[in-house]
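Contents: one structure, followed by commentary.
In my numbering, the protein residues as written are 14 to 207.
Next up, the structure:
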């Protein structure tokens with residue numbers, strides 16, 4: 014899996030180069046943002062599966078813009094907002110936790126914090142879309158219906174990410190707790206250590 018992760022990491026700069034040469038400046042700018050995201054996922058030292066999912070979704074979102082898939086495919090924008098916000102919210106949560114900004118939370122707190130982070134990221138994303146529309150390219154989709162749909166999709170994606178992240182953490186911690194906290198006694202039953 015390490016080779017695949019490395020290949021996807023290098024796909025970011027390669028995508029920026031390809032869009033600058035064969036497409037336009039707006040596409041190259043979007044790909045540079047993707048490169049920033051890929052660098053953050055790499056430096057956050059995420060589990061490889063989460064890093065790979067995040068990087069691939071960022072690349073998919075950017076290439077969808079370059080190939081105008083948001084304009085060509087109905088609801089594609091909502092699908093990408095849902096999935097990308099989900100992985101970015103979990104990335105933000107894991108990064109804050111890794112950098113000592115969060116104590117290890119319980120499952121409910123995990124869900125609430127990931128959902129809040131995703132909602133904030135979805136809002137920032139909409140600001141960036143509006144700036145892209147106003148400054149770079151008027152083809153960028155904006156408007157009340159589009160913005161509210163994007164925010165709802167991002168919020169739902171981050172909620173799902175929080176639930177799945179909390180579930181994965183509980184699942185991973187259960188075997189470890191079973192090994193460290195229980196000892197078998199002569200009667201064959203497991204009893205708490207101590």
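A virtual CB, placed ideally from N, CA and C, is assigned to each residue, including glycine.
Contact set for residue i: own chain, Cβ-Cβ below 6 Å, skip 5 residues either direction
i           : result
residue 202 : Residue confidence is low: residue 202 scores 44 on pLDDT, short of 50, so the model does not pin down where it sits. Its coordinate-derived value is still stated next. Cβ neighbours of residue 202 beyond the five flanking positions: none.
residue 137 : none
Whether residue i touches residue j by CB criterion (9 Å)
i           : j           : result
residue 44  : residue 29  : yes
residue 105 : residue 68  : no
residue 11  : residue 21  : A query on residue 11 cannot be resolved here, the shown segment of the chain reaching from 14 to 207 and no further.
residue 170 : residue 75  : no
residue 119 : residue 174 : no
residue 41  : residue 70  : no
residue 128 : residue 172 : yes
residue 160 : residue 186 : no
residue 93  : residue 32  : no
residue 115 : residue 100 : no
residue 39  : residue 145 : yes
For residue i, the three-state DSSP class (helix, strand or coil)
i           : result
residue 167 : helix
residue 60  : coil
residue 44  : helix
residue 112 : coil
residue 39  : helix
residue 16  : helix
residue 132 : helix
residue 119 : coil
residue 207 : The predicted model places residue 207 with a pLDDT of 43, which falls under 50 and marks its position as unreliable; any figure quoted below should be read in that light. Residue 207 falls in the coil class under three-state DSSP.
residue 87  : coil
residue 156 : coil
residue 151 : coil
residue 80  : coil
Near the ligand FAD: residue i beta-carbon under 8 Å from a heavy atom
i           : result
residue 132 : By its list of ligands, the structure shown contains no ligand whatsoever, and the ligand FAD lies outside what it can speak to.
Presumed contact (8 Å Cβ cut-off) between residue i and residue j, rounded CB distance
i           : j           : result
residue 167 : residue 134 : 7 Å
residue 91  : residue 162 : 6 Å
Sequence-distant residues of its chain with Cβ nearer than 7 Å to residue i (five each side left out)
i          : result
residue 18 : 61, 64, 65
Does the stretch 82–89 come within contact of the stretch 122–129, defined as at least 3 CB pairs closer than 8 Å?
no
Can you confirm whether the stretch 51–61 touches the stretch 106–118 when touching is taken to mean that 3 or more C-beta pairs between the two stretches lie within less than 8 Å?
yes
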